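Chemist: A single structure is presented below for examination.
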Amino acid sequence: MAEKLKIATTSLGGCFGCHMSFLDIDERIIDLFDLVEFDRSPLTDIKHCSEYVDIGLIEGGVCNSENVHTLREFRKSCKVLIAVGACAINGGLPALRNFIPLEECLAESYLTGEGIDNPQIPSDIELPLLLDKVHPIHELVKVDYFLPGCPPSGNAFWRFITDLAAGKTPTLPYDLVHYD
Amino acid sequence: MTWSESKQEKVLAIVSKHEIRQTRLLQILREVQDEFHCVPKNALEIVAAELGLARTKVEGVVQFYSLLSLEQQGRFHILFSDSITDQFQGSRELMDYLSAKLGVKPGQTRSDGKVSLGFTSCTGLCDQGPAGLVNGHWLSRLNESRIDRIVDLVEREVPVSSWPLEFFHVEDNIQSPGLLLQSPIDQGEALKQLVREGFEEIFMEINRSGLRGRGGAGFETAWKWRFCAEGPEDYSGSSLVDKNERFVVCNADEGEPGTFKDRILLNSYAHQVFEGMTVCAGIVGAKQGFLYLRGEYLRLRPQLEAILANRRAKNFLGKSILGRNGFDFDIEIHMGAGAYVCGEESALIESLEGKRGVPRVRPPYPIDRGYLDQPTVVNNVETFAAVAAIAAYGGAWFATQGTDKSKGSKIISISGDCERPGIYEYDFGISIAEILMDCGAENTLAVQVGGPSGGIISGKEYHRKLAFEDLGTGGSFMIFNKKRDVLEIVRNFTHFFAHESCGFCTPCRVGTTLLKNEVDKICDGHATSLDLVGLSSLAKFIKTASHCGLGQSAANPVLGSLSHFPQAYKDRFKDVVFEPGFDLDESLETARRMSARDDPWAHLEQ
Ligand SMILES: Cc1cc2nc3c(=O)[nH]c(=O)nc-3n(C[C@H](O)[C@H](O)[C@H](O)COP(=O)(O)O)c2cc1C
Ligand code: SF4
Ligand code: SF4
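So this is what it looks like as structure tokens:
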């Protein structure tokens, strides 16, 4: 049998809904394991990508400096990088803060908001700094495919990955991108 | 907050002056804006209630037109033209200068409410720029010393009506008149001919002249009129001629940056334009006409009204024109309010009806269902001027000039890098090289024929000819010399379309903004050759998927420059696979400052 494909996944500025939806492939996950092996991912708790990964799935947009580093690590390791879900593709819900100056966001959360005790802006080198705007991932790195949805359905994940595993260009039939 | 009674009365007076008609909504809002330097919420509610419209409808109209504003503007509202030729004449630097002197930024109103600044797409003064508008009135030939004086007038609150006249002085600047401009008709000459020879005979003359529309698309004028006069039919195929009212509309929106020939026709040949409209009305059987005048040409309005009054007095307008029974026609002036898309004929009609200027689905075309769903002819100013001359001098006079497929002459507006910008009229078929020679253009890098929505051509193509079958143009002819950067031009045009997109259809609304961001990325030096792949497919998509001519031509600057000046793009590309289009480290600055950090982890590499 051919070597298994390596898949890495991560959530940047996302809600993990995309990851949960991925798990909606249900028992097909057993078939999936015949095809692939998981590398860096919240599912495996592996912290960094191997040198060579076949498929990278990114959920969420780019909100802070850590997101930038993570995304760059994925891009460096992954042969094929996929933006998964509305947040990775457009910035999604977190990007709603783009209409409010970051200054005001931070002040409201840490200085002036109701019920704040000991107001201060957190400052620690372990904490990533926020970018002034939330960006879709294709504004930071080259992205090979976009898997739309909020979240994409389990079936859409299944279709995308099995297509790729079969060496085909992934395609989504209408019923997999039809949301209402 | 209650609104003072005197304010309420002012609004009510404006509404009743316009006979409480919904079609006058835009005209009403323009006057409200004039009165209050914005459209106040209370005024909005009064207008909506009086006209029987939803408040959101009225608000939607205010938001659509750039010369209307929900936010309070200054008592002096100064806009600078942001057209590329004004920019190249230093308009941006002058704005910085003005803004520093007044202590207010473009897009803002000073806290004392005295003055606000901004940019507008084009004022139609490209040959005497840098230009602008103060409270809707033209400001020509701006420079630092003029700005010093303007600042002084503003600070002393001298009303615009008392400003020195030279600030508003605008010349026709006719450098080289041709067929039309050399032989203006005598007042009434065309109408007398029409009444003497009969409508059918004059229609045949227009048909013989081969006249095609001068607004850009070049549709045959005689055919447009015939369709309007005959159509539409009902479902059984029988004619509805007698059941329909008909309308004649003169398109004086002239919004294409670099075009200003209609300005000259309306300033010095308005009689002839109105006469052309009246000829059209006689032939198609219309009783009512409109001149849709772009908001930026406000200054022309009083003299145009005077000419209309004069024509009424002479019975060139009104009932039984020149004694001919049943030949009744009058013309009303409607002002636009700063929306380029309103030059598109169906958007123009929406705007005439007092609505947002969103292009309609075509067909049905205006000749079948136009103003108030009635058959309507929409023609350009120059087309009507030509019609009057043809009615007076005959079709053959016109048809012997020009080329086989493009008869007669074309008036073009030349701006940009040449010694003698201004108005030139040529018989169709003239080569670009000859035009460049005439206006004293040297070291020419490129010519933009037809404005941002037209095409860019480079040196290899100066032998090409001005004609519908080769290079068509509505009248814009911008010249750029070798000191100019093609990508700066593309950037300006791309911003123009993103700003002017009416937002109705997604390919254009979203596409023009993506295009703008991508061109900015290239100009700012963040792009790589990979960006080009996305850029070209995006451009092609916008062109094919957009609803109206604006979106369909919005990618022309990118597509044209890619094919004519590919090196300009390559020179900007970075030799990496990909790079973000914004300064990554810079975008951490706010967070860095607020958390008082400057450690290595508080920075990012590009
Ligand atoms: C976005 C857009 C803007 C236009 N602007 C103008 C304009 O300012 N003046 C004009 O005469 N035609 C303009 N047109 C063309 C008109 O839709 C229409 O074709 C023209 O007024 C018809 O008159 P003509 O046959 O005399 O040329 C524009 C078209 C589009 C799509
Ligand atoms: S796309 Fe939807 S499900 Fe996925 S991370 Fe964003 S919000 Fe969550
Ligand atoms: S193409 Fe642009 S301007 Fe035309 S209807 Fe669509 S959004 Fe409006």
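Protein sequence lines correspond, in order, to chains F and R. At position 31 of the first sequence the residue is numbered 31 (this note's numbering), and the sequence of numbers has no breaks. At position 525 of the second sequence the residue is numbered 1525 (this note's numbering), and the sequence of numbers has no breaks. Backbone N, C-alpha and C fix where the C-beta goes; we use that ideal spot for every residue, glycine too. On a predicted model such as this, the values are computed, not experimentally measured, just so you know.
(1) So which of R:HIS1499, R:LEU1293, R:LEU1308, R:TYR1424 has the shortest CA-CA distance to PRO1452 of chain R?
(2) Measuring only the C-alpha atoms, how far is GLY1282 of chain R from ILE1206 of chain R?
(3) Check whether the Cβ of ARG1572 of chain R lies closer than 7 Å to any Cβ atom in chain A.
(4) Given this structure, state the Cα-to-Cα distance separating ILE1522 of chain R from ASN1492 of chain R, to the nearest angstrom.
(5) Rounding to the nearest angstrom, what Cα-Cα distance links SER1081 of chain R and LEU127 of chain F in this structure?
(6) Verify the CB distance criterion: does SER1537 of chain R have a CB-CB separation below 7 Å to chain F?
(7) For LYS1041 of chain R, which three-state DSSP category applies?
(8) Please report whether the beta-carbon of LEU111 of chain F lies at a distance below 7 Å from any beta-carbon of chain R.
(9) Measure how close the beta-carbons of ALA1441 of chain R and TYR1462 of chain R come, nearest whole angstrom, since I'm counting them as under 8 Å.
(10) Please report the Cβ distance between ARG1246 of chain R and VAL1195 of chain R, rounded to the nearest whole angstrom; I am assuming they are in contact, meaning their Cβ atoms lie under 8 Å.
(11) Could you check whether LEU1191 of chain R and PHE1316 of chain R sit closer than 7 Å to each other, using their CB atoms as the reference points?
(12) Do we get a CB-CB distance below 7 Å when we pair ILE82 of chain F with the residues of chain R?
(13) So which residues of chain R does VAL141 of chain F contact, with C-beta pairs closer than 8 Å?
(14) Are the C-beta atoms of SER50 of chain F and some chain R residue less than 7 Å apart?
(15) Can you pull every residue whose C-beta falls closer than 6 Å to some heavy atom of ligand 3, listed in chain order?
(16) Can you give me, in chain order, the residues of the segment 87-106 of chain F that have a beta carbon less than 9 Å from any beta carbon in chain R?
(17) Which residues, in order along the segment 110-129 of chain F, keep a beta-carbon less than 7 Å from a beta-carbon of chain R?
(18) In the DSSP assignment, find the unbroken alpha helix (DSSP H) run with HIS1526 of chain R in it and report its ends.
(19) Which class does THR171 of chain F belong to by DSSP, given the choice of helix, strand or coil?
(20) Less than 7 Å between the C-beta atoms of PRO1130 of chain R and LEU1117 of chain R, yes or no?
(21) So what does DSSP say about TYR1097 of chain R, is it helix, strand or coil?
(22) Whole angstroms is fine: what's the gap from THR217 of chain F's alpha carbon to ALA1555 of chain R's?
(23) Closer than 6 Å to a non-hydrogen atom of ligand 1 - does that hold for the CB of ASP1368 of chain R?
(24) Just the C-alpha distance for GLY987 of chain R and ILE1028 of chain R, rounded to the nearest angstrom, thanks.
(25) Name the residue from R:GLN1182, R:GLY1338, R:GLU1201 whose alpha carbon lies nearest to the alpha carbon of SER1268 of chain R.
(26) Counting only Cβ-Cβ distances shorter than 7 Å, please list the residues of the segment 1517-1536 of chain R near chain F, keeping chain order.
(27) When burial is assigned at 16 or more other CB atoms within 10 Å of the CB, is LYS1410 of chain R buried or exposed?
(28) Spatial neighbours of GLY1560 of chain R within its chain, please: CB distance less than 6 Å, with the 5 preceding and 5 following residues excluded, ordered by chain position.
(29) Three-state secondary structure (DSSP) at ALA8 of chain F?
(30) The alpha helix (DSSP H) spanning TYR1569 of chain R covers which residue range?
(31) Taking SER123 of chain F and ALA1596 of chain R to be in contact with their CB atoms under 8 Å, please state how far apart those CB atoms are, rounded to whole angstroms.
(32) Contact check, GLU66 of chain F vs HIS48 of chain F under 8 Å by CB: the rounded distance?
(33) Quick test of your reading: LEU1153 of chain R and TRP1163 of chain R, contact by CB under 8 Å. State the CB separation rounded to the nearest angstrom.
(34) Between the segment 1396-1413 of chain R and the segment 1292-1301 of chain R, do at least 3 Cβ pairs fall closer than 8 Å?
(35) Quick one, what's near ligand 2 if you take every residue whose CB is closer than 6 Å to any heavy atom, in chain order?
(36) What's the call for ALA228 of chain F, buried or exposed, on a 16-neighbour Cβ count within 10 Å?
Modeler: This is what the structure gives:
(1) On the second sequence, residue 1452 of chain R is found 452 positions in, with the first residue counted as 1. Here the closest residue by C-alpha is R:HIS1499.
(2) Reading the second sequence from its first residue, position 282 is the one you call residue 1282 of chain R. Reading the second sequence from its first residue, position 206 is the one you call residue 1206 of chain R. Their backbone Cα atoms lie some 13 Å apart in a straight line.
(3) The structure shown contains no chain A; its protein chains are F and R.
(4) Taking the first residue of the second sequence as 1, we reach residue 1522 of chain R at position 522. Taking the first residue of the second sequence as 1, we reach residue 1492 of chain R at position 492. Each residue's Cα considered, the two are about 13 Å apart.
(5) Along the second sequence, read from residue 1 onward, the residue named residue 1081 of chain R stands at position 81. Along the first sequence, read from residue 1 onward, the residue named residue 127 of chain F stands at position 127. The alpha-carbon atoms of SER1081 of chain R and LEU127 of chain F are separated by roughly 46 Å.
(6) Sequence index remark: in the second sequence, residue 1537 of chain R carries index 537 (1-based). False, the Cβ-Cβ gap to chain F never drops below 7 Å.
(7) In the second sequence, counting from the first residue as 1, residue 1041 of chain R sits at position 41. Per DSSP, reduced to three states, the secondary structure at LYS1041 of chain R is helical.
(8) Reading the first sequence from its first residue, position 111 is the one you call residue 111 of chain F. Not closer than 7 Å to any Cβ of chain R, the Cβ of LEU111 of chain F fails to qualify, so no.
(9) The residue given as residue 1441 of chain R occupies position 441 in the second sequence. The residue given as residue 1462 of chain R occupies position 462 in the second sequence. That pair is no contact at about 10 Å.
(10) Within the second sequence, the letter at position 246 stands for residue 1246 of chain R. Within the second sequence, the letter at position 195 stands for residue 1195 of chain R. Cβ atoms of ARG1246 of chain R and VAL1195 of chain R stay farther apart than 8 Å, at about 19 Å.
(11) Along the second sequence, read from residue 1 onward, the residue named residue 1316 of chain R stands at position 316. Along the second sequence, read from residue 1 onward, the residue named residue 1191 of chain R stands at position 191. Yes, the Cβ-Cβ distance between PHE1316 of chain R and LEU1191 of chain R is below 7 Å.
(12) On the first sequence, position 82 is the one that residue 82 of chain F refers to. No, ILE82 of chain F lies away from the interface with chain R (no Cβ there is under 7 Å from its Cβ).
(13) Mapped onto the first sequence, residue 141 of chain F falls at position 141. Within chain R, the C-beta atoms nearer than 8 Å to that of VAL141 of chain F come from PHE1578, in chain order.
(14) Position 50 of the first sequence, counting from 1, holds the residue named residue 50 of chain F. SER50 of chain F does not count as touching chain R.
(15) Those residues are R:VAL1341, R:PRO1359, R:SER1501, R:CYS1502, R:GLY1503, R:PHE1504, R:CYS1505, R:CYS1508, R:ARG1509, R:SER1546, R:HIS1547, R:CYS1548, R:LEU1550, R:GLY1551, given in chain order.
(16) For the segment 87-106 of chain F, which is checked against every Cβ of chain R, the residues closer than 9 Å are PRO101, LEU102, GLU103, LEU106.
(17) Listed in sequence order: ILE121, PRO122, SER123, ILE125, LEU129.
(18) Along the second sequence, one-based indexing puts residue 1526 of chain R at 526. Where HIS1526 of chain R is concerned, there is no enclosing alpha helix (DSSP H), given that its DSSP letter is neither H nor E.
(19) Here residue 171 of chain F is taken as the residue at index 171 of the first sequence, counted from 1. Coil.
(20) Counting from one through the second sequence, the residue named residue 1130 of chain R turns up at place 130. Counting from one through the second sequence, the residue named residue 1117 of chain R turns up at place 117. No, Cβ-Cβ distance for PRO1130 of chain R and LEU1117 of chain R is not below 7 Å.
(21) Numbered from its first residue, the second sequence carries residue 1097 of chain R at position 97. Note: TYR1097 of chain R maps to helix in three-state DSSP.
(22) Beyond the ends of chain F as shown, which are 1 and 180, falls residue 217 of chain F; an answer cannot be given.
(23) Start at 1 with the first residue of the second sequence, and residue 1368 of chain R comes out as number 368. Taking non-hydrogen atoms of ligand 1 into account, the C-beta of ASP1368 of chain R is found less than 6 Å away from none of them.
(24) With chain R represented from 1001 up to 1606, any question about residue 987 of chain R goes unanswered, as that position is not in the structure.
(25) Position 268 of the second sequence, counting from 1, holds the residue named residue 1268 of chain R. Checking every option, the nearest Cα to that of SER1268 of chain R belongs to R:GLN1182.
(26) Within the segment 1517-1536 of chain R, the qualifying residues are LEU1530.
(27) On the second sequence, residue 1410 of chain R is found 410 positions in, with the first residue counted as 1. That one is buried.
(28) On the second sequence, position 560 is the one that residue 1560 of chain R refers to. Setting aside the 5 residues that flank it on each side, GLY1560 of chain R is surrounded in the same chain by GLY1455, ILE1456, each with a C-beta closer than 6 Å to its C-beta; the list follows chain order.
(29) Within the first sequence, the letter at position 8 stands for residue 8 of chain F. Residue state, collapsed to three classes: strand.
(30) Position 569 of the second sequence, counted from the start, is the residue given in the question as residue 1569 of chain R. Start and end: 1566-1570.
(31) Sequence index remark: in the first sequence, residue 123 of chain F carries index 123 (1-based). Sequence index remark: in the second sequence, residue 1596 of chain R carries index 596 (1-based). The pair is a contact, with the Cβ atoms about 6 Å apart (cut-off 8 Å).
(32) Taking the first sequence and counting its residues from 1, one reaches residue 66 of chain F at position 66. Taking the first sequence and counting its residues from 1, one reaches residue 48 of chain F at position 48. Actually they are not in contact, since the Cβ atoms of GLU66 of chain F and HIS48 of chain F sit about 13 Å apart, beyond 8 Å.
(33) Along the second sequence, read from residue 1 onward, the residue named residue 1153 of chain R stands at position 153. Along the second sequence, read from residue 1 onward, the residue named residue 1163 of chain R stands at position 163. Your pair LEU1153 of chain R and TRP1163 of chain R checks out as a contact, with CB atoms roughly 6 Å apart and the cut at 8 Å.
(34) Pairwise C-beta distances place the segment 1396-1413 of chain R out of contact with the segment 1292-1301 of chain R, as fewer than three of them are shorter than 8 Å.
(35) Ordered along the chain, residues surrounding ligand 2 are F:GLY14, F:CYS15, F:GLY17, F:CYS18, F:GLU59, F:GLY60, F:GLY85, F:ALA86, F:CYS87, F:GLY92, F:LEU93, F:CYS150, F:PRO151 [Cβ under 6 Å from any heavy atom].
(36) The structure shown does not extend to residue 228 of chain F, since chain F spans only 1 to 180, so no value can be given for it.
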